[in-house]
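Comments concern the structure below.
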Amino acid sequence: MSQPQEGRRLDSEVHQHDGDGARQPSNSGGTNRTGDLEMMCGPLLRYARMSDTSRDVRLWHGSALVVIKPGSVAPELRLGCSGGAGGDSHDEKNVQSHSLGHIADDRTTIISAKRLFEDAQMAFYRFDLEIPLQENEARWEYELPGAYYSSGPRSGAPISSFFYVPSKHQSMRIMFHSCNGFSVDTDVDSWAGDALWNDVLRIHKRKPLHVMIGGGDQIYNDGIRVDGPLREWAEEQSPHQRRIQPFDEQLRQGCDDYFFQNYVTWFTMEPFATANGQIPQVNIWDDHDIIDGFGSYTDHFMRTPVFVGIGHIAFKYYMLFQHHTPPPPATNILDAPRVANYGAGLDSMKAGYNAYVMPETEVDPSWILGDSPGPYLTQRSRNIYMQLGKRIAFLGVDARTERTRHKINYSETYDLIFARLNKELGRPSSEIKHLIILLGVPIAYPRLVWLENIFRSPIIGLVRFLNKRFGVASSLFNKFDGEVDLLDDLDDHYTARTHKAERNVFIHRLQELSRQHSIRITILGGDVHLAATGRFYSNPHLRIPTTHDHRYMANVISSAITNKPPPQAIANMIARRNKIHHLDRETDETLLTLFDKDPGDSVKTAKYNHCTMPSRNFSIIAESSSPQNAPLANGAAVSSSTNTPQPPPSTSATATGKNGRYALHAGEESAGTKHPAASGVDESGIFTELGDGGGLDVTFRVEIDANRDRDGRTEGYGFT
Numbered sequence: 002m003s004q005p006q007e008g009r010r011l012d013s014e015v016h017q018h019d020g021d022g023a024r025q026p027s028n029s030g031g032t033n034r035t036g037d038l039e040m041m042c043g044p045l046l047r048y049a050r051m052s053d054t055s056r057d058v059r060l061w062h063g064s065a066l067v068v069i070k071p072g073s074v075a076p077e078l079r080l081g082c083s084g085g086a087g088g089d090s091h092d093e094k095n096v097q098s099h100s101l102g103h104i105a106d107d108r109t110t111i112i113s114a115k116r117l118f119e120d121a122q123m124a125f126y127r128f129d130l131e132i133p134l135q136e137n138e139a140r141w142e143y144e145l146p147g148a149y150y151s152s153g154p155r156s157g158a159p160i161s162s163f164f165y166v167p168s169k170h171q172s173m174r175i176m177f178h179s180c181n182g183f184s185v186d187t188d189v190d191s192w193a194g195d196a197l198w199n200d201v202l203r204i205h206k207r208k209p210l211h212v213m214i215g216g217g218d219q220i221y222n223d224g225i226r227v228d229g230p231l232r233e234w235a236e237e238q239s240p241h242q243r244r245i246q247p248f249d250e251q252l253r254q255g256c257d258d259y260f261f262q263n264y265v266t267w268f269t270m271e272p273f274a275t276a277n278g279q280i281p282q283v284n285i286w287d288d289h290d291i292i293d294g295f296g297s298y299t300d301h302f303m304r305t306p307v308f309v310g311i312g313h314i315a316f317k318y319y320m321l322f323q324h325h326t327p328p329p330p331a332t333n334i335l336d337a338p339r340v341a342n343y344g345a346g347l348d349s350m351k352a353g354y355n356a357y358v359m360p361e362t363e364v365d366p367s368w369i370l371g372d373s374p375g376p377y378l379t380q381r382s383r384n385i386y387m388q389l390g391k392r393i394a395f396l397g398v399d400a401r402t403e404r405t406r407h408k409i410n411y412s413e414t415y416d417l418i419f420a421r422l423n424k425e426l427g428r429p430s431s432e433i434k435h436l437i438i439l440l441g442v443p444i445a446y447p448r449l450v451w452l453e454n455i456f457r458s459p460i461i462g463l464v465r466f467l468n469k470r471f472g473v474a475s476s477l478f479n480k481f482d483g484e485v486d487l488l489d490d491l492d493d494h495y496t497a498r499t500h501k502a503e504r505n506v507f508i509h510r511l512q513e514l515s516r517q518h519s520i521r522i523t524i525l526g527g528d529v530h531l532a533a534t535g536r537f538y539s540n541p542h543l544r545i546p547t548t549h550d551h552r553y554m555a556n557v558i559s560s561a562i563t564n565k566p567p568p569q570a571i572a573n574m575i576a577r578r579n580k581i582h583h584l585d586r587e588t589d590e591t592l593l594t595l596f597d598k599d600p601g602d603s604v605k606t607a608k609y610n611h612c613t614m615p616s617r618n619f620s621i622i623a624e625s626s627s628p629q630n631a632p633l634a635n636g637a638a639v640s641s642s643t644n645t646p647q648p649p650p651s652t653s654a655t656a657t658g659k660n661g662r663y664a665l666h667a668g669e670e671s672a673g674t675k676h677p678a679a680s681g682v683d684e685s686g687i688f689t690e691l692g693d694g695g696g697l698d699v700t701f702r703v704e705i706d707a708n709r710d711r712d713g714r715t716e717g718y719g720f721t
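As C-alpha cells, this is what we get:
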C-alpha cells in the first residue's frame, strides 16, 4: 500500500511521521481540499510522554485523533507555532474560528496520518506529534485541510484549533477530572449537562492548561442495558438464562455499534468537544467506561459470555478513542477456565466484516504492560508512566483490567510498576520532585465497612428471598447478579474489607519509594462524586516535620465533573465517619478540613461538614512557584470566583506534633476559599524556599448552582 508523501519539516524541528497503512492523499501540499473528509469525531488531543534527544533538546510527544467516514483519502494535519501563551486575539472558545493563515508557510508543516482502524462504518486516523520544547511556553495551532462536519454546531466550518506546550524549564499545569457522564437514572437537563467544561475553558483561556488527566469514567456506557442491545438480557428474570446467554454475532454487532455511537455522541458534545481539541488528554479507564461495576460482581457472573463480550468491545474503543492506539487482537478466550458456551464473536478486535487494524508493532515507552491477561479480559493491564514537564512525573494505574471482587491488581503488576518507578526516579539526571499517581478510586477515605457488613448480613439474605419471590425492595438489588446495588461500589474502594491488605502493602511501598528518592507523592482519585482530600502522614508522636515526612501523601479526590452528586445526607454521613485512622503504628490518615464555606450562597452541607463537598467539581494542580511564570493569555477573568486570596503563610516553621484535624504544614493553613491557591490561576508562592517549582498548588473548582447555571460557574478552594 502506498504511503503519504512526507511533509515539510519546520525550522524549529517538528518531527515528521509517515502514515503507515494510510492511503495516498489526493494532494500532498498544505492547500485546503474541497471538503472531501467528512468528520465523525475529533480532533482529540492526547499527550504521550517526553524524551531527551540530547543534553539540550527535549521533545514533547503527543497525537491528534480524528474519526472520519470510511473510504476517504487519508487526512493531513497542518501544524504551526504561533508564539507564546499571551497576546493572542483569537476567540479561544470557538474551535472552528482558527486559521493558520497568519503563520508563515515556512513555519508550518504538513503531518501525514496513520490509519489505526477502518471498517464499513468508521475510519480512525492518528497524527503523531513531536515538538521540541523551547525557552518559553509556546502555542501551537493546527488545522485539517478539507475536513468538515456535515451537521451539528461545527457544520460547514473549518476544523482547526490550538494547544499549549510548556517551556523546557516548566512543569505542566494539570487539570484533573473524573466521572464525565451521567448515570442511567439521571435527569440530564436538570443538571445543565456538561456545564463545568465551560469553566475549564475559562481557566484555560486565562492561564493555559497543558494536560487534562481523566481519572476514570470519561464516558458512561451503562445505557447499553437500558435502551441498548443488552436491554432484553438485563431484564431476563432468570439468573441462569443470563449466565448461559451466548454472545452471538448479532449481539456483538449491536454492542459494537452502541459503544461507537455513544463515544461519538459524547466526545462531540460541546463544550467537552472544544476542550478535547485544545487540552491534550491522559486517561485511565474505570468501570463506567465499560459498564457499571465491571470486575466487582461475583466471579460466576463476571464470566458470563455477555459480560466478557462487552468487556472486550469496551477495551477496543477505550484504546482507540482514549489512547489513539490500535486495539491488539484478543487471545482465545476459551483458553481460560471459564463456563462453557461463550458463543461466537468474542474476539471484538476481529469484526465479523472486513476491517483493517494497524498492527501494534511497537509498544509506546509510556506503557507499563502487565505480564498476564486480566481474569475477565484477554488483555494485559495498561499502566502509564510519563513526565509532566521538568519536575513532575505521573503514574496512571490501570485498576480495572485485572480487578476481581477480591483483588485490584496482580502482585506481579505492582512489581513491574515499582521497578519502572525506581528506574526513572533513580536516573542521575532526574530532576523529579513530585510523583502524581492516579488510582481512580480514593485510597485515603473514610471506612464504610459497617455498611458492607449490613449489606452482607443474614437479614439481607431474607430480603433477597422476598425480592425474588414477591418483588419486595426491588430497587435495593441490581439486575446483574442479584446482589445489593451499592455493593459493587463499596467493593471498588481500596478501604473495602477485601482490599485492605493489598492497600496497606501498596501504601508502604509508596512510602519507601518517597523515602528512597526524596520525592513528594500525591495521589489522585475520583469515582465517589464528592470533592475531598485525604492525607497519610506520620503519627504525631514521631514529631517529624511534614516537609521531611516521607509518609505524608495527599489524596486529591475530585469527582464528578458531570455526573450528579450524592444527596447532602450522604456527604454529611461520610464526614461523620471521618475518624483519624491508623494504617500502622507510624502512619495516620484522615480527611483535610478544606471547605470553609459552601460555594457561592448555596447550602450543600451541614454546618459541621468541612471535609466532603457534594457538588460537581474538577481540580487544577500546578507548581506553587514556577521559575518561569507563563504569561496570562488575553487577560480574561477566570470564572466568577468570589475568592479573596491571602498572602502566603510563612513556611519557616513547620507544624509538628499535631493530628490531622489541624493543618499539618504551611500549605494546609487557611485551606479553602481564602487560600492563595484557590483561583486555579495564581501561584501561591508557598514553599519557594524548596527551590525551583516549590510545592504543588491544588485547586478545587466547585459548582455553585447546578440546576440553573449552564455556564458552569464555580468557586475555588485551595491548599498547597
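Start counting the sequence shown at 2; every next residue gets the next number (the working numbering). Positions of the beta carbon are idealized from the N, C-alpha and C atoms, including for glycine. Bear in mind the structure is a predicted one, so any value in this text is a computation, not a measurement.
Grab the span of the beta strand (DSSP E) containing D698 for me, first residue to last. Residues G694 to E704.
Does the Cβ of H178 have 16 or more other Cβ atoms within 10 Å, making it buried, or fewer, making it exposed? The residue in question, H178, is buried, as its Cβ has 16 or more Cβ neighbours within 10 Å.
Closest Cα partner of G43 within the set T266, P330, S603 and A400: It is T266.
Looking at D698: is its Cβ nearer than 8 Å to the Cβ of A623? Yes.
Spatially closest choice to G310 from I292, H324 and P327, by CA coordinates: Comparing Cα positions, the closest option is I292.
Would you kindly report the start and end of the unbroken alpha helix (DSSP H) that includes D257? Its alpha helix (DSSP H) spans residues E250 to F268.
For G229, count the other beta carbons within 10 Å of its own beta carbon; 16 or more makes it buried, fewer makes it exposed. Which is it? Around the beta carbon of G229, 16 or more other beta carbons sit within 10 angstroms, so the residue counts as buried.
With burial defined as no fewer than 16 other Cβ atoms inside 10 Å of the residue's Cβ, what is the status of D602: buried or exposed? For D602, the number of other beta carbons within 10 angstroms of its own is below 16, and it is reported as exposed.
Could you check where the beta strand (DSSP E) with L145 kicks off and where it finishes? Note, L145: beta strand (DSSP E), A139 to L145.
If you drop the 5 nearest sequence neighbours on each side, which residues of the same chain put their C-beta closer than 8 Å to that of E587? Only S539, N540, L543 and R552 meet the Cβ criterion.
Proximity to I175 [Cα-Cα], best of V189, F302, G215 and G157: Nearest of V189, F302, G215 and G157 to I175, Cα basis: G215.
Take every Cβ of the segment 157-171, pair it with every Cβ of the segment 183-191, and state whether three or more of those distances are shorter than 8 Å. Verdict: no, contact absent.
Below 8 Å on the Cβ atoms is my contact criterion, and I expect L252 with A148 to pass it. Report the Cβ-Cβ distance as a whole number of Å. Distance from L252 to A148 at the Cβ level is roughly 34 Å; contact not present, criterion being Cβ atoms closer than 8 Å.
Go ahead and label T362 buried or exposed: buried means 16 or more other beta carbons lie within 10 angstroms of its beta carbon, across all protein chains shown. Classification of T362: exposed, given that the 10 Å Cβ count is below 16.
For the alpha helix (DSSP H) containing R203, name the first residue and the last one. The continuous alpha helix (DSSP H) containing R203 extends over residues L197 to R207.
Who are the near neighbours of G153 in its chain, counting only those whose CB is closer than 6 Å to its CB and skipping five residues on each side? Listed in chain order, the non-local C-beta contacts of G153 below 6 Å within the same chain number zero, local neighbours out to five positions each way being set aside.
Starting from K115 and walking both ways along the beta strand (DSSP E), at which residues does that stretch end? Secondary structure note for K115: its beta strand (DSSP E) is the uninterrupted segment K115 to E119.
Would you give the residue range spanned by the beta strand (DSSP E) that L595 belongs to? Segment: none, L595 is in no beta strand (DSSP E) and carries neither H nor E.
Would you mind stating whether N277 and Q323 have Cβ atoms separated by less than 8 Å? Their beta carbons are not under 8 Å apart, which means N277 does not touch Q323 by this criterion.
Mind checking who L378 pairs with in its DSSP beta bridge? Answer by DSSP bridge pairing: none, since L378 is not bridged.
Would you say K115 and M320 are within 8 Å of each other, going by their C-beta atoms? No, Cβ-Cβ distance for K115 and M320 is not below 8 Å.
Can you look up E432 in the DSSP assignment and give me helix, strand or coil? DSSP places E432 outside both helix and strand once states are collapsed to three, so it counts as coil.
In or out: Y718 buried (at least 16 other Cβ within 10 Å) or exposed? Y718 should be labelled buried.
Those residues which DSSP pairs with C82 across a bridge: Residue pairing by DSSP places C82 opposite W141 in a beta bridge.
Collapsed DSSP secondary structure at I311 in the structure displayed: Note: I311 maps to helix in three-state DSSP.
CA-to-CA distance, Q238 to F248, given in whole angstroms: Rounded to the nearest whole angstrom, the CA to CA distance from F248 to Q238 is 18 Å.
Q380 versus P330: straight-line alpha-carbon distance, rounded: Each residue's Cα considered, the two are about 9 Å apart.
Between which two residues does the alpha helix (DSSP H) carrying V67 extend? Not the alpha helix (DSSP H): V67 falls in the beta strand (DSSP E), residues R59 to I69.
Would you check if there are 3 or more beta carbon pairs closer than 8 Å linking the segment 416-432 to the segment 294-312? As far as the Cβ criterion goes, the segment 416-432 does not touch the segment 294-312, which means the pair count is below three.
Closest by C-alpha distance to I571, when choosing among C612, G397, P600 and D257: Of the residues C612, G397, P600 and D257, the one whose Cα lies closest to the Cα of I571 is C612.
Would you kindly check if the distance between the Cβ of G713 and the Cβ of L197 is under 8 Å? Contact: yes.
By DSSP's criteria, A555 is part of a beta bridge. Which residues make up the other side? In the DSSP secondary-structure assignment, A555 is bridged to T523 and R536.
So, are the CB atoms of T414 and G371 less than 8 Å apart? Yes, Cβ-Cβ distance for T414 and G371 is below 8 Å.
Looking at P447 and R536, is the spacing between their C-beta atoms short of 8 Å? Result no, Cβ atoms of R536 and P447 do not sit closer than 8 Å.
Quick check on this structure: which residue in V529, D550, A497 and G526 has the alpha carbon closest to the alpha carbon of E513? Per the Cα distances, D550.
For W368 and S382, what's the separation of their Cα atoms in angstroms? Spanning the two alpha carbons is a distance of roughly 9 Å.
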